[in-house]
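These notes are about the structure you will find just below.
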Amino acid sequence: MVADKMADKSLTKGGKFKLILPDDLAADRTIKAVSSIEVVTFKQKPRLYIIGMGCADTSLVTLEAISYMGKADVFVCPEDIQKRFAKYMGNKPILFDPLRNTEYMFKKAHPDLPPEEMKRSLEAQRTEDIQRIKDALTAGKSVALLEYGDPTVYGGWMFWLDEFKDKTQVIAGISAFNSANAMMGRHIGCKGSIVITVPQGLKDNEAMLKAVADNGDTLVIFVGLRELKTLRPLLQKFYSNKTSVHLVYRAGYSDSAYIIETSLKEVIERAEKEKEQHLGLIYIGPCLD
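Given below as structure tokens:
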């Protein structure tokens, strides 16, 4: 603090101002003159934090994620994350569950809607929820979206980027990919490369798939369990039926994670026997042998 008076009287000796420091009883730092005074605020501008909460067990959340949860004023999160991390969220309000804005969950909630009407309704709901975030930011509140795994790897929030790109900060998390690799306990990059993709990425780029197969690199497919019937014929164009395939289920869930080791020829039959049809990664390549 810079003072121009002491005991309500103007300073007359040593200069017109004194610099008063916290816990300083001497108060004898004299300032001859002040060229300018700048007001500095320590309150941060409202931000949209995209926080990776880890792929499963609460023990996989990072200290950085917990720290940024403390900076948030309101949350956007699925009910599952809310229950598991309630002690870090306190009584702060939740704007909405982002899973309801995914195409899969919206179809599940509205199975009777015609395709065109479903598309319009989903877009209207997304617009409404984006406006909720905008209203919170305008009110000076920081918003935290609590996202599964690593939010930068096929995160469901990507369509928000254009709306909030100047106000967004991403906090990394542990992906199911990391946990699955640890479960397998082997060098999956033994041929040099690891290629992470989704079913549509393979369908749109057969040249890449051929190059991966020819080189023997490891292919890792997210959200592919439900599409194995259409994926296998595509994969069989470039891989032999004997090629090793590992299905890693519920990676990161210490009480329910497991691996099925099979071949490209038998992968559909093995997968159809499993109750879990969503939380799984597909690994393909000779590094699995």
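According to my numbering, the residues represented by the sequence shown are 136 to 424, in order.
All C-beta atoms, glycine included, are put in the ideal place defined by N, C-alpha and C.
Would you decide whether residue i is buried or exposed? Buried here means 16 or more other CB atoms lie within 10 Å of its CB.
| i | result |
| --- | --- |
| residue 255 | exposed |
| residue 327 | exposed |
| residue 392 | buried |
| residue 370 | buried |
| residue 420 | buried |
| residue 286 | buried |
| residue 239 | exposed |
| residue 171 | exposed |
| residue 142 | exposed |
| residue 406 | buried |
| residue 296 | exposed |
| residue 259 | exposed |
| residue 145 | exposed |
Using beta-carbon positions only, say whether residue i and residue j come within less than 8 Å of one another.
| i | j | result |
| --- | --- | --- |
| residue 181 | residue 275 | yes |
| residue 184 | residue 304 | yes |
| residue 298 | residue 187 | no |
| residue 207 | residue 227 | yes |
| residue 354 | residue 383 | no |
| residue 416 | residue 373 | no |
| residue 189 | residue 196 | yes |
| residue 351 | residue 311 | no |
| residue 139 | residue 148 | no |
| residue 219 | residue 193 | yes |
| residue 191 | residue 314 | yes |
Report, in whole angstroms, the separation of the C-beta atoms of residue i and residue j, which I expect to be a contact under 8 Å.
| i | j | result |
| --- | --- | --- |
| residue 490 | residue 309 | Past the edges of the chain, shown from 136 to 424, lies residue 490, and the structure says nothing about it. |
| residue 118 | residue 379 | The chain is shown from 136 up to 424; residue 118 falls before or after that span and cannot be answered. |
| residue 394 | residue 413 | Not confirmed; about 16 Å, so no contact. |
| residue 272 | residue 302 | 6 Å |
Within the chosen definition, does the region 389-403 reach the region 348-361 through at least 3 CB pairs nearer than 8 Å?
Result no; under three Cβ-Cβ pairs closer than 8 Å.
Within the region 374-398, note down every full beta strand (DSSP E) run reaching 3 residues or more, in order along the chain.
If we require 3 residues or more, the beta strand (DSSP E) runs fully inside the region 374-398 come out as 379-384 and 393-398.
Counting Cβ pairs, one atom from each stretch, are 3 or more of them under 8 Å apart for the region 274-292 and the region 203-213?
As far as the Cβ criterion goes, the region 274-292 touches the region 203-213, which means the pair count is three or higher.
Any 3 or more C-beta pairs closer than 8 Å across the region 304-323 and the region 382-391:
Contact holds: three or more Cβ-Cβ distances are below 8 Å.
Is the region 195-204 touching the region 217-230, taking contact as three or more C-beta pairs under 8 Å?
Taking 8 Å as the limit for Cβ pairs, the verdict is that the region 217-230 does touch the region 195-204.
Say whether the region 286-305 touches the region 229-244, bearing in mind that this needs 3 or more beta-carbon pairs closer than 8 Å, one atom from each stretch.
Yes: at least three Cβ pairs fall under 8 Å.
As an exercise, report each continuous beta strand (DSSP E) stretch of at least 3 residues that is fully enclosed by the region 276-349, in chain order.
You should have 278-282, 303-306 and 329-332.
Considering only residues of the region 177-262, which uninterrupted alpha helix (DSSP H) runs meet the minimum length of 4 residues and lie entirely inside it, listed in chain order?
Counting whole runs of 4 or more residues, the region 177-262 contains the alpha helix (DSSP H) stretches 198-206, 214-219, 221-224 and 238-244.
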